[in-house]
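Trainee:
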Amino acid sequence: MDEGSALSALVPAGPQAAHIHTLWLVMLAVCALVFAAILGALAIAMRRAPCGDETSEPDTSMIGNDEPAVRRAVTFGIAASAALLITLLVTSIVIERALAQLPLRDALHIRLTGHQWWWEATYDDAKAANVFTTANELHIPVGRPIVLTLEAEDVIHSFWVPNLHGKKDLVPGRTATIAFRADAAGTFRGQCAEFCGYQHANMALMVIAEPPERYERWAAAARTSAPQPLEPLAQRGQQVFLQSTCAMCHTIVGTPANGRRAPDLTHVASRLRIGAGTLHNDPVTLSAWIADPQRIKPGVHMPAHALPSADLQALVAYLGTLK
Amino acid sequence: MTVDTTAGALAPEPGGEASVAELLTPHARRFGGWADAPGVLGWISTIDHKRVGRRFIGTAFGFFVAGGVLAGLMRLQLSRPDSSLIGPDLYNQLFTVHGTSMMFVFAVPMMQAMAVYFVPLMVGARNIAFPRLIAYAYWVYLFGGLMLYSALVLNIGPDAGWFSYTPLAGPQYGVGKRSDFWAQLITFTEVSGLLVAVSVITTVFKLRAPGMTLNRMPLFVWALLVTSFMVVFALPSVMMVSTSLILDRLVGTHFFNPAEGGDALLWQHLFWFFGHPEVYMIFLPGLGFVSMIVPTFARRPVFGYVAIVLSLIATAFLAFGLWVHHMFATNVPELGKSFFTAASMVIAIPTATQLFCWIATLWTGRIVLRTPLLFVLGFFFILVLGGLTGIMLAAVPLDLQLHDTFFVVAHLHYVLIGGAVFPLFGAFYYWFPKVTGRMLDETLGRWNFWLFFVGFNVAFFPMHILGLQGMPRRVYTYAADTGWGPLNLVASLGAVVVVASVLVFVVNVARSCRMGVHAGANPWHASTLEWATDSPPPPGNFHPPLAVARREPLWERAGVSGFVEGLANDPPEALVTTLLDALPHHRLAFPTPTIWPLLAAIATSVLFISSIFTPWAVVWGSIPVAITLIAWFWPSRSETRKHVRLERVS
Amino acid sequence: MTSDARIVDTNRPVAVDASWLPNHAFGHHSLMWWGTVGVMAIEGMAFALAVLMYVYVWTRLDAWPPDVLPPDLHFGTLNLAILVASLVPNAYAKRAAERYDLHGVRIGMSVCLVFGVAFIAVRALEFTALNVSWDTNAYGSAVYLLLGLHTTHLVTDVMDTAVLAVLMFTGPLEKSRFVDVSENALYWYFVVAAWVPIYVVIYWLPRWL
Chain A
1 MDEGSALSAL VPAGPQAAHI HTLWLVMLAV CALVFAAILG ALAIAMRRAP CGDETSEPDT
61 SMIGNDEPAV RRAVTFGIAA SAALLITLLV TSIVIERALA QLPLRDALHI RLTGHQWWWE
121 ATYDDAKAAN VFTTANELHI PVGRPIVLTL EAEDVIHSFW VPNLHGKKDL VPGRTATIAF
181 RADAAGTFRG QCAEFCGYQH ANMALMVIAE PPERYERWAA AARTSAPQPL EPLAQRGQQV
241 FLQSTCAMCH TIVGTPANGR RAPDLTHVAS RLRIGAGTLH NDPVTLSAWI ADPQRIKPGV
301 HMPAHALPSA DLQALVAYLG TLK
Chain B
1 MTVDTTAGAL APEPGGEASV AELLTPHARR FGGWADAPGV LGWISTIDHK RVGRRFIGTA
61 FGFFVAGGVL AGLMRLQLSR PDSSLIGPDL YNQLFTVHGT SMMFVFAVPM MQAMAVYFVP
121 LMVGARNIAF PRLIAYAYWV YLFGGLMLYS ALVLNIGPDA GWFSYTPLAG PQYGVGKRSD
181 FWAQLITFTE VSGLLVAVSV ITTVFKLRAP GMTLNRMPLF VWALLVTSFM VVFALPSVMM
241 VSTSLILDRL VGTHFFNPAE GGDALLWQHL FWFFGHPEVY MIFLPGLGFV SMIVPTFARR
301 PVFGYVAIVL SLIATAFLAF GLWVHHMFAT NVPELGKSFF TAASMVIAIP TATQLFCWIA
361 TLWTGRIVLR TPLLFVLGFF FILVLGGLTG IMLAAVPLDL QLHDTFFVVA HLHYVLIGGA
421 VFPLFGAFYY WFPKVTGRML DETLGRWNFW LFFVGFNVAF FPMHILGLQG MPRRVYTYAA
481 DTGWGPLNLV ASLGAVVVVA SVLVFVVNVA RSCRMGVHAG ANPWHASTLE WATDSPPPPG
541 NFHPPLAVAR REPLWERAGV SGFVEGLAND PPEALVTTLL DALPHHRLAF PTPTIWPLLA
601 AIATSVLFIS SIFTPWAVVW GSIPVAITLI AWFWPSRSET RKHVRLERVS
Chain C
1 MTSDARIVDT NRPVAVDASW LPNHAFGHHS LMWWGTVGVM AIEGMAFALA VLMYVYVWTR
61 LDAWPPDVLP PDLHFGTLNL AILVASLVPN AYAKRAAERY DLHGVRIGMS VCLVFGVAFI
121 AVRALEFTAL NVSWDTNAYG SAVYLLLGLH TTHLVTDVMD TAVLAVLMFT GPLEKSRFVD
181 VSENALYWYF VVAAWVPIYV VIYWLPRWL
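Protein chains in written order, with the numbering used here: chain A, 1 to 323; chain B, 1 to 650; chain C, 1 to 209.
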């Protein structure tokens with residue numbers, strides 16, 4: 001299972017992150033130079049000046065007189081600093097404009113809603129029938145611009161996938177947008193980047209960039225309803241799901257369950273992780289998660305479920321069919 | 001007997017035998033109304049700026065250590081991935097109280113406390129203006145800080161971050177009283193801070209020694225004057241925003257509720273309008289310390305006095321124009337963001353100016369390498385690095401990657417610890433002899449410095465990399481497969497070294513108080529007026545006060561032009577001078593010690609704390625406050641009689 | 001007279017002989033003025049921010065005021081008149097203080113207090129005529145914040161004046177107390193002056209915007 005490229009702002013996988021990376025390099029170079037110059041000047045000053053002690057007679061000869069050489073040197077330092085700052089300011093503005101000029105023709109539109117502590121994603125489409133909802137894991141086609149519309153259900157969150165772009169806050173009562181493009185395939189991890197309560201630390205987002213054909217296959221599958229389970233264990237699991245509290249919060253398209261307060265589970269088995277990136281997605285972890293999510297992600301809004309182990313097994317089997 | 005008032009005579013001999021006190025007549029040795037009652041009564045009723053200042057400094061240091069303990073716990077938790085040592089609830093309280101404590105209960109109060117102690121001495125005054133108000137401000141501050149830590153100990157500490165963003169801290173998502181304790185802590189510390197600021201401004205403008213024109217004031221005094229103005233104009237913003245939060249939570253207003261016309265970003269604008277100047281209120285006093293230490297240890301007056309003053313003023317003005325750079329990731333208009341990028345970069349220029357002036361001073365001086373100067377050198381390294389990462393963060397595109405990551409944690413600690421705490425420790429080593437009459441040990445000082453310098457860099461430099469690698473702030477744990485583990489471990493080890501350095505400092509202080517080398521009035525042979533009186537200074541500071549004629553009164557010929565005669569000691573009188581040129585204007589009888597500031601502070605604390613729980617407390621809690629304030633103000637017949645006898649119709 | 005009151009030791013170089021200086025001063029020469037002006041700056045900033053909060057809420061909404069009627073004009077305007085009128089006894093008290101005219105100060109301050117009681121009473125009525133509650137919406141919250149902030153100042157100013165007025169009747173008195181009266185009057189000016197823009201914001205902006 002591809003667990004992803006290294007999380008890093010210094011490994012850009014698309015033009016937005018690449019522009020910012022360029023700016024980083026320019027600033028790093030200039031700032032390193034300035035640091036060396038200032039500390040170098042200090043070091044030279046400390047070496048050049050003669051040593052004394054507390055009783056050394058203070059030198060008051062310059063009082064009331066000008067110190068022209070010193071003044072020139074300090075003025076030069078200030079002028080050089082100003083010139084370098086202007087250079088950096090101009091560079092910053094140039095990069096800002098580059099970021100704003102991402103071509104958006106044929107963009108894929110996704111509405112991302114932040115919740116405490118998971119991500120809801122609705123893929124928009126001109127055809128209403130093609131609209132679908134998923135959670136915590138985005139698939140996007142390589143080479144195509146993505147426009148995310150960002151909203152928050154409860155408190156402020158922040159969308160941040162460093163390999164692809166800088167971050168943008170999701171603020172309740174406001175709608176923001178962010179646009180980016182992946183130019184390389186890979187699994188990129190994102191983190192919520194605005195403190196949002198207990199489990200801010202465990203609100204990850206997986207962004208999987210794939211070649212367009214693979215993306216289209218994924219999207220086509222995502223649009224389908226959940227298949228009816230064929231095996232008896234999975235059928236029993238579906239019964240457990242619908243008769244427990246699960247359906248109060250979760251949606252599985254194709255069943256009566258249409259709760260909107262928790263991640264959409266229609267295709268949960270196809271996701272790499274559960275719990276917004278907290279755990280790998282396999283029957284063992286899923287089982288532990290359902291039984292007591294509080295132990296893994298304390299404070300999460302999902303309650304513990306004291307299910308008999310046979311029911312739990314069946315439920316996990318059913319969820320495993322939701323690819 | 002004629003007295004030679006040239007610098008040589010007033011500065012003590014090496015070895016500290018002669019002191020100014022030797023030159024005074026027996027009458028003036030009686031401190032009269034300046035002295036406190038003995039024992040506990042004297043301790044709680046004192047309005048001597050030095051006694052209040054000492055306890056203010058000590059209390060702020062105590063909160064520094066407490067906040068540091070919280071940070072140590074955080075580093076312990078973060079030293080390994082998936083650590084189950086501290087859960088999210090406690091961790092969120094830890095980082096909230098750490099930040100709140102360091103920003104509101106340590107940094108600004110400590111700088112103000114140093115001003116309370118040193119500004120009157122540096123300007124040649126006998127006490128600070130409104131001394132009872134200062135005593136009250138101290139008690140209010142203490143009670144507020146105790147309230148904050150009590151809440152933490154009871155596991156109901158604030159847990160929404162030191163900046164307490166809404167809606168997380170609002171009525172719907174901020175359950176319990178946690179964020180109310182935060183908001184009310186703001187009220188405590190802001191009342192205290194504002195009162196001290198008004199007092200410092202008045203002291204600097206009206207109580208300077210005759211002849212100390214504005215351009216003869218020590219640079220630390222300028223720094224605290226400018227800082228106090230910033231306090232006056234910035235703190236009301238955080239008062240308004242924290243009050244609005246309590247109102248939203250307690251009585252159902254909708255300032256930050258988007259469903260009823262409020263806005264979550266209104267919080268951010270109001271908070272950061274205060275929050276950005278706040279960090280400069282911490283930084284500018286640090287620059288003031290450096291401006292005092294460098295000349296003494298370069299044995300020459302600082303180069304560029306006027307440039308430094310103008311830089312302090314420019315920094316203060318610019319600081320009010322930067323606040324949106326904390327909001328670059330929100331959807332405020334893009335064009336506006338570019339303006340704040342420019343402002344955030346321009347503010348580097350006045351700071352750079354001061355740095356170059358200090359380097360020039362050292363370059364053309366004679367270096368005396370003692371611990372205070374070591375801390376200044378550490379300041380240079382750490383602050384410049386932090387300032388440069390600040391320039392990086394000022395650029396919107398780069399900030400969008402680095403905002404809310406450990407890169408910012410690194411940046412803020414580099415600028416605050418480098419820019420304020422290192423100079424503060426330098427200031428401790430520099431002025432400890434004045435406050436206690438004994439020198440701190442130089443060897444322990446060097447250990448203190450090097451442990452702090454190395455430990456700090458090992459702890460915080462890796463955080464720049466962690467931020468670039470995607471580690472957000474305010475996370476109680478992280479997964480092993482992020483790869484953040486090794487650098488976090490390194491950072492935690494660095495934190496241990498920093499703890500060691502603070503321990504060395506505490507040991508140094510404890511030992512030196514009892515066994516340190518005796519310091520005379522001026523062990524560093526420095527040039528400013530605080531060194532022209534005993535170590536420690538007596539009640540009333542100068543007997544009699546001095547008049548000055550030069551900027552470096554203890555270094556220049558005829559720097560001190562004479563004494564101020566004719567002031568009574570009972571009632572304690574001080575000379576009030578004019579604003580620009582410090583010409584003598586009138587005598588003022590200062591208040592005498594009183595317990596009413598303490599009682600009023602207790603009443604105020606009851607009002608503030610109970611109004612966390614019910615709005616009606618504002619009404620009935622005001623009554624004891626009013627009573628204590630009236631009793632405080634009401635003049636005594638005996639004091640009035642003394643004043644009337646000294647009246648002279650002008 | 002205490003024996004050390006006017007020591008002038010001419011054996012030392014005397015830069016200043018302060019014994020002949022007065023022991024109080026009016027206006028910006030006094031420490032009290034600086035304290036008062038400092039508080040005015042702080043509170044002025046708070047008022048300005050409250051107005052900015054009101055305007056901010058306005059920029060976020062389409063209808064203004066949202067879903068409610070604007071505040072009724074009569075009590076607010078009446079209070080504006082009472083407050084402005086109170087400037088007369090206030091100015092009288094200030095000038096009397098600067099002449100050390102105790103009788104004039106007593107009269108001026110007493111009349112000020114009558115006005116004070118009046119405008120606090122009318123302020124209570126203002127609160128009933130706002131046509132919105134603090135918890136109706138953000139507009140209501142902003143209005144109550146502004147009015148509440150100013151009311152706090154009114155109440156504390158009247159209390160300060162009352163305490164000082166009582167002192168001017170009972171004593172103990174000295175010349176510095178006249179300085180206190182003068183500075184208290186300065187603060188009264190501020191509280192009245194602050195009302196003018198706040199009155200416009202609360203009562204007229206909803207009608208104009």
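Just so it is clear, CB atoms sit at the ideal spot from N, CA and C, and this is done for glycine as well. Since we're looking at a predicted model, the values are computed, not measured.
Which bits of chain B does T60(A) rub up against, with CB to CB less than 8 Å?
Mentor: By Cβ distance, chain B contributes R300, P301, E552, W555, E556.
Trainee: Kindly list the residues whose CB is nearer than 6 Å to the CB of F432(B), restricted to its own chain and excluding five residues on each side of it in sequence; keep chain order.
Mentor: L440
Trainee: Quick one: using the 10 Å Cβ neighbour count with 16 as the cut-off for buried, is Y100(C) buried or exposed?
Mentor: By the 10 Å Cβ count, Y100(C) comes out exposed.
Trainee: Can you name, in chain order, every residue of its own chain whose Cβ lies under 7 Å from the Cβ of L580(B), other than the five neighbours on each side?
Mentor: T213, L214.
Trainee: Determine whether the Cβ of V34(A) lies closer than 9 Å to any Cβ atom of chain B.
Mentor: So yes, V34(A) belongs to the interface.
Trainee: Which one or two residues does DSSP pair with M206(A) in a beta bridge?
Mentor: E137(A), R189(A)
Trainee: Please classify L23(B): does DSSP put it in a helix, a strand, or coil?
Mentor: Any reading at L23(B) is ruled out, since the residue's pLDDT is 41, under 50, leaving its predicted position unreliable.
Trainee: Answer with yes or no whether the minimum CB distance from R261(A) to chain B is below 9 Å.
Mentor: no
Trainee: Give me the residue from S110(C), L145(C), S182(C) with the minimum Cα distance to M239(B).
Mentor: L145(C)
Trainee: Report the three-state DSSP secondary structure of V158(C) (helix, strand or coil).
Mentor: In this structure, V158(C) counts as helix in the three-state DSSP scheme.
Trainee: In chain B, what lies closer than 7 Å to H24(C) by C-beta?
Mentor: H586
Trainee: For R106(C), name the three-state secondary structure that DSSP assigns.
Mentor: Helix at R106(C).
Trainee: Verify whether the separation of the beta carbon atoms of V204(B) and V221(B) is less than 9 Å.
Mentor: yes
Trainee: Check A631(B) in the structure and name its three-state DSSP category.
Mentor: A631(B) falls in the helix class under three-state DSSP.
Trainee: What is the rounded straight-line gap between the Cα of M111(B) and the Cα of V196(B)?
Mentor: 11 Å
Trainee: Within the same chain, show all residues whose beta-carbon is closer than 6 Å to that of A317(A), passing over the 5 residues directly before and after it, in chain order.
Mentor: L233, A234, G237
Trainee: Taking 9 Å as the threshold (C-beta atoms), are P537(B) and K434(B) in contact?
Mentor: yes
Trainee: Between the beta-carbon of P141(A) and the beta-carbon of D154(A), is there less than 9 Å?
Mentor: no
Trainee: Give the residues from the segment 341-354 of chain B that approach chain A closer than 8 Å (Cβ to any Cβ), ordered along the chain.
Mentor: T341, A342, M345, V346, A348, I349, A352, T353
Trainee: What does the Cβ neighbour count give for N155(B), buried or exposed, with the cut at 16 atoms within 10 Å?
Mentor: exposed
Trainee: Verify the CB distance criterion: does W20(C) have a CB-CB separation below 9 Å to chain B?
Mentor: It does: the Cβ of W20(C) has a partner Cβ on chain B nearer than 9 Å.
Trainee: Along the chain, where does the alpha helix (DSSP H) containing R55(B) start, and where does it finish?
Mentor: For R55(B), the enclosing alpha helix (DSSP H) stretches over residues 49-78.
Trainee: In whole angstroms, give me the CA-to-CA distance for R438(B) and H525(B).
Mentor: One C-alpha to the other measures close to 15 Å.
Trainee: What residues are listed by DSSP as bridge partners for K642(B)?
Mentor: For K642(B), which the question treats as bridged, DSSP gives no partner whatsoever.
Trainee: Check each residue of the segment 146-157 of chain A: if its Cβ is closer than 8 Å to any Cβ of chain B, include it; give the result in chain order.
Mentor: D154, V155, I156
Trainee: How big is the Cα-Cα spacing for I44(B) and A183(B)?
Mentor: 28 Å
Trainee: Here's the rule: buried if 16 or more other CB atoms are within 10 angstroms of the residue's CB, otherwise exposed. What is D106(A)?
Mentor: exposed
Trainee: Output the boundary residues of the beta strand (DSSP E) element that contains S561(B).
Mentor: Note, S561(B): beta strand (DSSP E), 560-565.
Trainee: Inspect the CB distances between the segment 618-637 of chain B and the segment 591-604 of chain B and report whether three or more fall short of 8 Å.
Mentor: yes
Trainee: Please return the same chain residues whose Cβ sits closer than 8 Å to the Cβ of V504(B), not counting the five positions on each side in sequence.
Mentor: L444, W447, N448, L451
Trainee: If we count Cβ pairs, one from each stretch, closer than 8 Å, do we get three or more for the segment 95-112 of chain C versus the segment 126-142 of chain C?
Mentor: With a cut-off of 8 Å, the segment 126-142 of chain C and the segment 95-112 of chain C do not count as touching, because too few Cβ pairs lie within range.
Trainee: Does W28(C) pass the burial test, meaning 16 or more other C-beta atoms within 10 Å, or should it be called exposed?
Mentor: The question names Trp, yet the displayed sequence has His at residue 28(C). It counts as exposed.
Trainee: For P206(C), count the other beta carbons within 10 Å of its own beta carbon; 16 or more makes it buried, fewer makes it exposed. Which is it?
Mentor: Classification for P206(C): buried.
Trainee: Of all the options V376(B), R126(B), F381(B), G42(B), which has the alpha carbon lying nearest to the alpha carbon of P572(B)?
Mentor: R126(B)
Trainee: Just to confirm before moving on: does the CB-CB distance between A226(A) and H267(A) stay below 9 Å?
Mentor: Cβ atoms of A226(A) and H267(A): closer than 9 Å.
Trainee: Just to make sure I have the definition right: I need the residues of chain B whose C-beta is within less than 9 Å of the C-beta of K323(A). Which are they?
Mentor: Within chain B, no C-beta atom comes less than 9 Å from the C-beta of K323(A); the nearest is roughly 24 Å away.
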